[in-house]
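Numbering (this note's numbering), first residue to last: 128 to 361.
Just so you know, even glycine gets a beta-carbon here, dropped at the ideal spot from N, CA and C.
These numbers were taken from a predicted model, which means no experiment stands behind them.
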């Protein structure tokens, strides 16, 4: 599958998700900070932390390799076992999927701060994705899409890096130019996330958003939103 074949079909749901997660933010007593951070900094740091979890080790399921699941490359004789998922139990895969929901929570709220809707970001991201394929200095559009089909992790990692840079540019100086560039970068990243979920983990992005809403609401009810000790097992 390509990125566009995994594109969320209901973009209005993404905007609904944004409105819901905005209401889930718990501010400090001053009403202006979150855990002592400016909201945009808190969302950026949370995004960076959760992104690493999509690649990182699963301490609750050590036999499962998240990086291997995203690569899913057949293991040749004597090959690196990190390129295969390992023990992909239902629990391990479920915990992995939830990490993408956490990433989306921080991303959606960062975009909320700057008045960017996720639906418009995805629309602009699709245009930017096509432009990237057409203007790549290393390959033509056909080869770029074929590479995308075989190695979805490449664009996921590439667009993750691009979006992180766009975040940092906005944090340094939130000008019309830096905010405008944030929008397509966020859209391309969402498309790449939906792509790797659909092509490697067998889940739709809409399912992930729905699950994330339920998880965060439970954490609010339990008072564990900011408790990092339990991880996915909370």
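Can you find the residues in the same chain that come closer than 8 Å, C-beta to C-beta, to residue i, ignoring five residues on each side of it along the sequence?
{"i": "residue 240", "result": "166, 167, 170"}
{"i": "residue 311", "result": "248, 251, 252, 254, 255"}
{"i": "residue 324", "result": "133, 224, 227, 330, 331, 332, 335"}
{"i": "residue 347", "result": "151, 153"}
Can you tell me where the alpha helix (DSSP H) with residue i in it begins and where it stops?
{"i": "residue 188", "result": "No alpha helix (DSSP H) holds residue 188; DSSP gives it neither H nor E."}
{"i": "residue 288", "result": "279-299"}
{"i": "residue 241", "result": "Counting along the chain, residue 241 falls outside any alpha helix (DSSP H), and DSSP gives it neither H nor E."}
{"i": "residue 314", "result": "303-327"}
{"i": "residue 76", "result": "This structure gives no information on residue 76, because the portion of the chain shown stretches from 128 to 361."}
{"i": "residue 147", "result": "138-150"}
What does residue i pair with, by DSSP beta-bridge criteria?
{"i": "residue 192", "result": "184"}
{"i": "residue 161", "result": "164"}
{"i": "residue 213", "result": "191"}
Report all residues from its chain with a CB closer than 6 Å to the CB of residue i; omit the five preceding and five following residues, and keep chain order.
{"i": "residue 315", "result": "252, 255, 256, 286"}
{"i": "residue 149", "result": "239"}
{"i": "residue 268", "result": "260, 261"}
Excluding five sequence neighbours on each side, which residues of the same chain lie with their C-beta closer than 7 Å to the C-beta of residue i?
{"i": "residue 217", "result": "none"}
{"i": "residue 146", "result": "none"}
{"i": "residue 234", "result": "174, 313"}
{"i": "residue 275", "result": "129, 130, 282"}
{"i": "residue 177", "result": "226, 229, 230, 233"}
{"i": "residue 305", "result": "296, 297"}
{"i": "residue 136", "result": "none"}
{"i": "residue 328", "result": "196, 220, 223, 224"}
Please classify residue i: is it buried, with 16 or more other beta-carbons within 10 angstroms of its beta-carbon, or exposed?
{"i": "residue 193", "result": "buried"}
{"i": "residue 187", "result": "exposed"}
{"i": "residue 277", "result": "exposed"}
{"i": "residue 344", "result": "exposed"}
{"i": "residue 300", "result": "exposed"}
{"i": "residue 319", "result": "buried"}
{"i": "residue 307", "result": "exposed"}
{"i": "residue 322", "result": "buried"}
{"i": "residue 202", "result": "Low confidence applies here, because residue 202 scores a pLDDT of 44, under 50, leaving its location unreliable; read the following figure in that light. Counting Cβ neighbours within 10 Å, residue 202 comes out exposed, since fewer than 16 surround it."}
{"i": "residue 262", "result": "exposed"}
{"i": "residue 204", "result": "At residue 204, the pLDDT of 48 sits below 50, so the modelled position is not reliable; the number obtained from the coordinates is stated separately. Classification of residue 204: exposed, given that the 10 Å Cβ count is below 16."}
{"i": "residue 185", "result": "buried"}
{"i": "residue 139", "result": "exposed"}
What would DSSP say about residue i, mapped onto helix, strand or coil?
{"i": "residue 257", "result": "helix"}
{"i": "residue 176", "result": "helix"}
{"i": "residue 133", "result": "helix"}
{"i": "residue 226", "result": "helix"}
{"i": "residue 170", "result": "helix"}
{"i": "residue 271", "result": "helix"}
{"i": "residue 153", "result": "coil"}
{"i": "residue 342", "result": "helix"}
{"i": "residue 231", "result": "helix"}
{"i": "residue 350", "result": "coil"}
{"i": "residue 205", "result": "The predicted model places residue 205 with a pLDDT of 49, which falls under 50 and marks its position as unreliable, so this point remains unresolved."}
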